[in-house]
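Top to bottom, those sequences are chains A and B. 106 is the number of the first residue of the first sequence in the numbering used here; add one for each residue after it. 50 is the number of the first residue of the second sequence in the numbering used here; add one for each residue after it. C-beta atoms are modelled at their ideal positions from N, C-alpha and C, and glycine is treated no differently. Note that this is a predicted model, so its numbers are computed, not measured.
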Amino acid sequence: GAVVSQHPSWVICKSGTSVKIECRSLDFQATTMFWYRQFPKQSLMLMATSNEGSKATYEQGVEKDKFLINHASLTLSTLTVTSAHPEDSSFYICSAPKIGSGSYEQYFGPGTRLTVT
Amino acid sequence: DAKTTQPNSMESNEEEPVHLPCNHSTISGTDYIHWYRQLPSQGPEYVIHGLTSNVNNRMASLAIAEDRKSSTLILHRATLRDAAVYYCILRAQTGANNLFFGTGTRLTVIP
């Protein structure tokens, strides 16, 4: 199967600072990647769709100026949490559909646990 | 995307079959039924998907009702490694590839 990696796997930052999370498709190209957020004991919530070479599409209620997404290549999307606050502490997960698979199977990264102190 | 309903939790004994139900009464004719599972502290992983016919793969089987308003994920012999949250998701045949997760079923496997 295809592999999606995330870096870092966990990060602790101070309130008011910014944190960048990387999502890479290691063995396939992805023109689209998705970013999810998951709070403890809850389900995944889709935050935004990252599109290679164009602007990201954000779900309703997600602040685009706070969660900056850049999809600079066919294998890399980044999510930057700007001016992070404790309420942004969460598990951030990215995913990518494999082009040409025909089945729309999505491959998920292992997640990044963000803790804002 | 149409809504799915799953039990919050289920238990199974190790090495016994597990049947995880999912109701999707508002499914449209072109919606695929996808199942993903999420092990603790990991990202979800694809399990299986189908449209109308039952499907089998190395991980599980998917039984789809004739009217497609429900489906059942079948794990033939549960192992401790199958303990996870299982999500049943409907995905439109055309359009965006994004997935909207419901609450899922937390499967506990008892040794």
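Between the beta-carbon of E64 (chain B) and that of R126 (chain B) there is about 5 Å, and that keeps the pair under the 8 Å contact cut. Looking at the backbone, the Cα of L181 (chain A) and that of Y136 (chain B) are separated by about 26 Å.
Among the residues facing chain A, E94 (chain B) is included, as its CB has a counterpart in that chain under 9 Å away. A distance below 8 Å between beta-carbons, with the five flanking residues on each side excluded, links N103 (chain B) to the following residues of its chain, in chain order: S110, L111, A112 and I113. Your pair S110 (chain A) and L131 (chain A) checks out as a contact, with CB atoms roughly 6 Å apart and the cut at 8 Å.
Contact note: G153 (chain B) reaches chain A through S148, using a C-beta cutoff of 7 Å and chain order. Listed by position along chain A, the residues whose Cβ is nearer than 7 Å to that of L148 (chain B) are Q211.
The Cβ of Y135 (chain B) sits no closer than 9 Å to any Cβ of chain A. In its chain, beyond the 5 residues on either side, T183 and T185 have a beta carbon closer than 6 Å to the beta carbon of K125 (chain A). Residues of chain A whose Cβ lies closer than 7 Å to the Cβ of Q91 (chain B) are, in chain order, P215 and G216.
For S130 (chain A), the uninterrupted beta strand (DSSP E) run begins and ends at V124 to S130, by DSSP.
Within chain B, no C-beta atom comes nearer than 7 Å to that of L181 (chain A); the closest sits roughly 17 Å away.
The residues P215, G216, T217 and R218, in chain order, have a CB closer than 8 Å to that of S114 (chain A) in the same chain once the five nearest residues on each side in sequence are set aside. By the beta-carbon neighbour count (other beta carbons within 10 angstroms, threshold 16), T79 (chain B) is exposed. Counting only residues of its own chain and dropping the five nearest sequence neighbours on each side, R155 (chain B) has a CB closer than 6 Å to the CB of S58 and V134. Counted as a single uninterrupted DSSP element, the beta strand (DSSP E) harbouring A141 (chain B) occupies residues A133 to A141. When secondary structure is reduced to three states using DSSP, P160 (chain B) falls in the coil class, being assigned neither helix nor strand.
Leaving aside the five residues that flank R129 (chain A) on each side, the residues in its chain whose CB is nearer than 6 Å to its CB run, in chain order, S110, T180 and L181. Check the Cα spacing between V167 (chain A) and each of A:Q147, A:F133 and A:W140: the tightest is with A:W140. When A:T220, A:I198 and A:V108 are compared, the shortest CA-CA separation from M150 (chain A) is found for A:I198. Proximity of H98 (chain B) to chain A, defined by a Cβ-Cβ separation below 9 Å, is satisfied.
Put simply, the backbone Cα of I117 (chain A) is about 38 Å away from that of R107 (chain B).
Taking 9 Å as the cut-off, the beta carbon of Y85 (chain B) is found no closer than this to the beta carbon of L124 (chain B). Where M108 (chain B) is concerned, there is no enclosing beta strand (DSSP E), because DSSP gives it neither an H nor an E.
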